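Heads up, the thing below is written out as structure tokens.
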Amino acid sequence: MHKGAAWIVTVGNELLIGRVVNTNASWLAGRLTYLGYAVRRIVTVPDVEEDIAEVFREALARADVVVSTGGLGPTPDDITNIAFCRALGVDPAVNEEALRMVEERYRSRGYPLTPERVKMAQMPPGARPLPNPVGTAPGVLYEAGGKVVVLLPGVPREMEAIFEGYVEPLLKSRGPPVFFAERGLEVRGVPEADVAPIIREVLRLDPRIYVKSHPRGREVEAPLLYIHVYASAFDRGEADRLVDAAVGRLVQLLKARFGGAVSISEERRLA
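Take the sequence shown: its letter number 115 is residue 115 in UniProt numbering, and every next letter is one higher.
This is the structure in structure tokens:
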């Protein structure tokens, strides 16, 4: 149950060599999910124009919403704007509104408007700049053919500020709201492999239910599992009902199969 498919594209050699942990992808995945979108891909690409353009072309063909982070700054390897234009088959152009944003930010600090800084105002014709309240590079919003593409800076606090201030309200307004419910179970004394058939049966209850086990102990010596149960629906009560039914069935099957050998405790309701 979702509004559409979303792709997350993170750009930067520093991510691919392990120099920087990709926290942006995790943060965006959570936000997009709770806005009602199904995140289908998280792709990380190097600072190579054709690689970035290729991913954008594929994302535009397969997703309703595409959000990228990184590559909007003034240095030579900041080429996401240019690569996105290449994917669209258009030439990048300086957006006057974006240029004013960049100029005001630098002028207020006593810095001149150099060609490197002007580069941060380049985007496809028809795109809209998104103000960056905590940094210098504007975000980019591009809408066409029912698709939404958002380019955001790679600095986490800048990315988050632009997303929360401008992107989230837009995406929230597209389509009906989607509601989520989550519960967590902690299961002791049963190996994950033995719980797998039970999870499979619970998943048959409804395609809107998601159940995932996460091992926390040692599979054989001291099995300990966290089981995450999640459901989405266009009605809050329905989402709660789906999760409650799934958890009830899980507990019933675990006790019937393992009896006193299993210990089950519910963790706090997640949402």
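Glycine included, each C-beta is placed from N, C-alpha and C at the ideal position. Note that the structure is a prediction, hence the values are computed from the model and not measured.
Secondary structure of residue i, DSSP reduced to three states
i	result
Lys3	coil
Gly73	coil
Leu270	With a pLDDT of 49 at Leu270, under the threshold of 50, the modelled position of that residue is not reliable, and no figure is offered here.
Leu16	helix
Ile79	coil
Val202	helix
Val262	coil
Leu113	coil
Arg216	coil
Arg174	coil
Phe234	coil
Identified DSSP bridge partners for residue i
i	result
Met123	Ala93
Val65	Ala6, Val148
Thr44	Thr10
Val229	Arg183, Val211
Ala25	According to DSSP, which records beta bridges pairwise, Ala25 is partnered with nothing at all.
Ala38	Ala5
Ala239	For Ala239, which the question treats as bridged, DSSP gives no partner whatsoever.
Ala222	Arg218
Arg188	Leu224, Ser263
C-beta atoms of residue i and residue j nearer than 8 Å
i	j	result
Val150	Pro125	no
Val11	Ile42	no
residue 277	Thr44	Outside the shown range of the chain, which is 1 to 271, sits residue 277, and nothing can be said about it.
Arg117	Val102	yes
Ala63	Ala6	yes
Val229	Val247	yes
Val243	Glu168	no
Leu99	Tyr106	no
Val9	Val65	no
Arg249	Val178	no
Gly71	Asp47	yes
Gly184	Glu266	yes
Pro176	Phe234	yes
Leu171	Leu35	yes
Pro92	Gln122	yes
Ala239	Phe180	yes
Ser231	Tyr210	Before going further, note that residue 231 is Ala rather than Ser in the sequence given. Against a cut-off of 8 Å, the Cβ pair of Tyr210 and Ala231 comes out as a contact.
Ala83	Leu60	no
Glu49	Ile79	yes
Val187	Leu254	yes
Lys3	Arg174	yes
Arg204	Met1	no
Ala29	Val39	yes
Ala127	Tyr142	yes
| Where in the region 126 to 165 do unbroken runs of the beta strand (DSSP E), each at least 3 residues long, occur, reported from the N-terminal end onward? | Those beta strand (DSSP E) runs which fall completely within the region 126 to 165 and span 3+ residues are 128 to 130, 139 to 144, 147 to 152.
| request: Would you be able to state if there are at least three C-beta pairs under 8 Å between the region 198 to 215 and the region 155 to 167? | output: no
| Taking one C-beta from the region 154 to 163 and one from the region 221 to 238 each time, how about it: are there three or more such pairs within less than 8 Å? | no
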